[in-house]
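First residue of the first sequence? That's 0 in numbering that gives the first Met the number 0, and the numbers climb one at a time after it. Ideal placement from N, C-alpha and C gives every residue a C-beta, glycine not left out. Notes follow the structure.
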Amino acid sequence: MTSKASPRAQPEDLDCMRHSAAHVMAEAVQSLFPGARFGIGPTIEDGFYYDFELPRTLTPEDLSAIDARMRQSIAANSPFLREEVTKEAARQLFASQPYKLELIDELPDEKVTVYRQGSFTDLCRGPHVASTKGIGPFKLTSIAGAYWRGDEHRPMLQRIYGTAFATGKDLEEYLQKVEEAARRDHRRVGKDLDLFSLREEVGPGLVLWHPKGAIIRRVIEDFWKQEHMKRGYQLVYSPHIARLDLWKTSGHWEMYRESLYSPMDVEGQDYIVKPMNCPFHIFIFKSHLRSYRELPIRLAELGTVYRYERSGTLHGLARVRGFTQDDAHIFCRPDQLQNEIVAVLDLAKFMMKAFGFQDYEVLLSTRPEKYAGTLEIWAEATEALQKALERSSTPYQVDPGEGVFYGPKVDIKLKDALGRLWQGPTTQVDFNLPQRFDVNFIGEDSKEHRVVMVHRTVLGSMERFMATLVEHYGGAFPVWLAPVQAVIIPIADRHLDYVREVAGRLSATGLRVEVDDRTERMNLKIREAQVNKVPYMLVVGDKEQAAGTVSLRLRNNQDLGQKMVDEFLSMANAAIVARS
RNA sequence: GCCGGCGUAGCUCAGGGGUAGAGCAGCGCUUUCGUAAAGCGCGGGUCGGGGGUUCGAAUCCCUUCGCCGGCUCCA
Numbered sequence: 000m001t002s003k004a005s006p007r008a009q010p011e012d013l014d015c016m017r018h019s020a021a022h023v024m025a026e027a028v029q030s031l032f033p034g035a036r037f038g039i040g041p042t043i044e045d046g047f048y049y050d051f052e053l054p055r056t057l058t059p060e061d062l063s064a065i066d067a068r069m070r071q072s073i074a075a076n077s078p079f080l081r082e083e084v085t086k087e088a089a090r091q092l093f094a095s096q097p098y099k100l101e102l103i104d105e106l107p108d109e110k111v112t113v114y115r116q117g118s119f120t121d122l123c124r125g126p127h128v129a130s131t132k133g134i135g136p137f138k139l140t141s142i143a144g145a146y147w148r149g150d151e152h153r154p155m156l157q158r159i160y161g162t163a164f165a166t167g168k169d170l171e172e173y174l175q176k177v178e179e180a181a182r183r184d185h186r187r188v189g190k191d192l193d194l195f196s197l198r199e200e201v202g203p204g205l206v207l208w209h210p211k212g213a214i215i216r217r218v219i220e221d222f223w224k225q226e227h228m229k230r231g232y233q234l235v236y237s238p239h240i241a242r243l244d245l246w247k248t249s250g251h252w253e254m255y256r257e258s259l260y261s262p263m264d265v266e267g268q269d270y271i272v273k274p275m276n277c278p279f280h281i282f283i284f285k286s287h288l289r290s291y292r293e294l295p296i297r298l299a300e301l302g303t304v305y306r307y308e309r310s311g312t313l314h315g316l317a318r319v320r321g322f323t324q325d326d327a328h329i330f331c332r333p334d335q336l337q338n339e340i341v342a343v344l345d346l347a348k349f350m351m352k353a354f355g356f357q358d359y360e361v362l363l364s365t366r367p368e369k370y371a372g373t374l375e376i377w378a379e380a381t382e383a384l385q386k387a388l389e390r391s392s393t394p395y396q397v398d399p400g401e402g403v404f405y406g407p408k409v410d411i412k413l414k415d416a417l418g419r420l421w422q423g424p425t426t427q428v429d430f431n432l433p434q435r436f437d438v439n440f441i442g443e444d445s446k447e448h449r450v451v452m453v454h455r456t457v458l459g460s461m462e463r464f465m466a467t468l469v470e471h472y473g474g475a476f477p478v479w480l481a482p483v484q485a486v487i488i489p490i491a492d493r494h495l496d497y498v499r500e501v502a503g504r505l506s507a508t509g510l511r512v513e514v515d516d517r518t519e520r521m522n523l524k525i526r527e528a529q530v531n532k533v534p535y536m537l538v539v540g541d542k543e544q545a546a547g548t549v550s551l552r553l554r555n556n557q558d559l560g561q562k563m564v565d566e567f568l569s570m571a572n573a574a575i576v577a578r579s
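Written out as structure tokens, the structure is:
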């Protein structure tokens, strides 16, 4: 597997080295905190961590002490020694380490391996680097609480995160990538570009969309609606509150009560704010008898829902308590399911491409332990999803047991410009609601048949999708989405009349244009347009006014020189049509 | 929700038991300018809220709300 000729570190070598770094970190913690108890210390995508139970909580200063102690160990160049021992011997070795004892009990073989380096011994499968000098440049990055074995009912340990690389250059590159991600953070960009805000006075997880953010959202929504109409969806609207009984029928009151807001009393009846749109679409479907000839019926809505999310889970626009789903429900016959899924996948891919996402991962989640419906119906639907994925030649992975209780699903995760994954389109087959609400159609045999229902979103929610887009583009939206597409910058006040005339011509075609008519210097105006990531800057002075042109500057610093107004317009329109 | 950190002007942040500062933004005046920040001046904060300790609290303690990093959760 490992090629001897290759000078480059293999990924598995990196992993092994990071794992060794975790051990060295544990050794440092042990020497600084003699009473420490040890959890686990695995490698993760960008580094490693180790969980500890310590007599006191760690401070950032501890991190530098641990770091210093680690450097000593590495300089000492102690070998990593592997030893195979019986479980019984291991139990004695780790007699004062309850977490290790728990791990030992769960290991299948009678023999277990331990690794020693310096003064530290750990239960570990390995492998490790030969000696501590094999550990490359590292950095301890953060301290956090983490439940033992990820179980919130078990003790919370202190976790130290770190990362290590083969070379200092790799480490530096990684740290720069982290910085770049921070620069693109949608919470920061959203503030800088005046797109949205969240305020304590309003409430956590409740979003205020500012005019510029609202423009982007409107462009997305208009595009979304057009595309859905083209593809045979019908747009509907539904109320924001409904009788509690509705949610008892749907099962949400029972299954997801934790996520629902408390009922309010309206003339003696309990109502709740909606956590989902599906029951409403079901009633639209059920508003009259449906013939098999009418199916499939596809009802779509940008539906705003409210769900209680635990306070620690909220995150900018990516995790909120009130959000607008780009929701749709497809009611179809079982024999139509596969085609419908193919169409949904096609729409999802179309949307992803439109918004500049080239790469994505597709996951098929199958039947979990607790499920509604019968085994046969699950098998049938899972097969329909599978066949649809194959027919649309979509490479996918199976995520066994990760389906929702009411049906299997296909999730698409988007890869953004920095290679990070975001939850994207999702398609779920539902066996539960058609039964609970008795959703039927009249078949060719003039008998009632149960409908097959598909829930799907292609963007997720407007809020989360906005967060994804902001970080993907780093705020430099393509022209069709940019809240301000062009800023016209007069060099002196005497150019204002001409500038306004140009602005009028441009906005008449629908271009979003602003005139920067402040009594400021052109340099400042250019700088601000640049900072605001406006795609086109049109500088206008004596020359332009005389020639009836504008001087075009792009946000990538390119100066394209003078253009006739029409010439600029067709350029801008071409970019908009191409959604670039 | 849990562990830890942090809340000082619109924003970014300094200060820290004796009564609050900077830069940017804002406002006013001057400047009318050729591709990333003109100059001068002015205004602005119950130091997140509540309670306590103290002669005195932005500063120390408690509590509460919010944010951040994780964990857990995410129909």
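Quiz item: Do you know whose CA, among V450, L346 and F93, lies nearest L288's CA?
Solution: V450
Quiz item: Does the pairing of the region 401-413 with the region 344-363 give three or more beta-carbon distances under 8 Å?
Solution: yes
Self-check item: Same chain only: Cβ atoms within 6 Å of S2, ignoring 5 sequence neighbours per side
Solution: Bear in mind that a pLDDT of 35 at S2, under 50, signals an unreliable position, so the number given afterwards is only what the model happens to contain. Cβ neighbours of S2 beyond the five flanking positions: none.
Quiz item: What are the boundary residues of the beta strand (DSSP E) that L297 is part of?
Solution: It is worth fixing the name first, because residue 297 is Arg in this sequence and not Leu. R297 -> beta strand (DSSP E) spans I296 to Y305.
Exercise. May I have the straight-line CA-CA distance separating I575 from G311, to the nearest angstrom?
Key: 40 Å
Quiz item: Among the residues of its own chain, which have a CB less than 8 Å from the CB of L207, if the five just before and after it don't count?
Solution: Here the set comprises F195, S196, L197, R198 and V201.
Quiz item: How would you write the range of the alpha helix (DSSP H) that I277 sits in, first residue to last?
Solution: Residue identity differs from the one stated: residue 277 is Cys in this sequence, not Ile. Taken as a continuous stretch (DSSP letters only), the alpha helix (DSSP H) holding C277 covers C277 to F284.
Quiz item: Is it true that the CB of S63 sits closer than 8 Å to the CB of G117?
Solution: no
Practice problem: Have a look at L420 and L413 and give me their C-alpha separation to the nearest angstrom. | Solution: 5 Å
Practice problem: Locate the beta strand (DSSP E) running through P424, then write down its first and last residues. | Solution: L420 to D429
Quiz item: Does DSSP put R578 in a helix, in a strand, or in coil?
Solution: coil
Quiz item: Would you say A334 and L301 are within 8 Å of each other, going by their C-beta atoms?
Solution: Note that residue 334 corresponds to Asp in the displayed sequence, not to Ala. For D334 and L301, no; Cβs fall outside 8 Å.
Quiz item: With burial defined as no fewer than 16 other Cβ atoms inside 10 Å of the residue's Cβ, what is the status of T166: buried or exposed?
Solution: Exposed, since its Cβ has fewer than 16 Cβ neighbours within 10 Å.
Practice problem: Please name the residue or residues paired with S290 in a DSSP beta bridge. | Solution: Note: S290 sits in a beta bridge opposite I441.
Exercise. Select from R187, D104, Q71 and G144 the residue whose C-alpha is nearest the C-alpha of V469.
Key: When only C-alpha atoms are compared, the closest one is R187.
Self-check item: Delimiting residues of the beta strand (DSSP E) encompassing F47
Solution: G46 to E52
Quiz item: From G474 to D191, what distance separates their C-alpha atoms?
Solution: 9 Å
Quiz item: So S249 is in the alpha helix (DSSP H); what residue range does that whole segment cover?
Solution: L243 to S249
Quiz item: Tell me which same chain residues have a C-beta within less than 7 Å of the C-beta of S5, skipping the five on either side of it?
Solution: The pLDDT assigned to S5 is 37, lower than 50, so where the model puts this residue is not dependable, and the model offers no usable value.
Quiz item: Alpha carbon to alpha carbon, what distance is there between P399 and A383?
Solution: 16 Å
Quiz item: Between T303 and the rest of its own chain, which residues show a CB-CB distance below 6 Å, the 5 nearest in sequence each way excluded?
Solution: Around T303: T323.
Quiz item: Rounded to whole angstroms, how far is the Cβ of E109 from the Cβ of K86, which I believe are closer than 8 Å?
Solution: 6 Å
Exercise. Compute the Euclidean distance between the alpha carbons of T120 and Y48, then round it to the nearest angstrom.
Key: For T120 and Y48, the gap between their C-alpha atoms comes out near 17 Å.
Quiz item: How long is the line joining the alpha carbons of D12 and F32, rounded to whole angstroms?
Solution: 30 Å
Self-check item: Same chain, Cβ closer than 7 Å to S391, neighbours up to 5 away in sequence not counted
Solution: Excluding sequence neighbours, S391 sits near V341, L344 and D345.
Practice problem: Can you check the region 65-147 for any beta strand (DSSP E) of at least 3 residues that lies completely inside it and give the ranges in chain order? | Solution: 80-85, 110-116, 119-122 and 137-146
Exercise. With DSSP as the reference, label G167 as helix, strand or coil.
Key: helix
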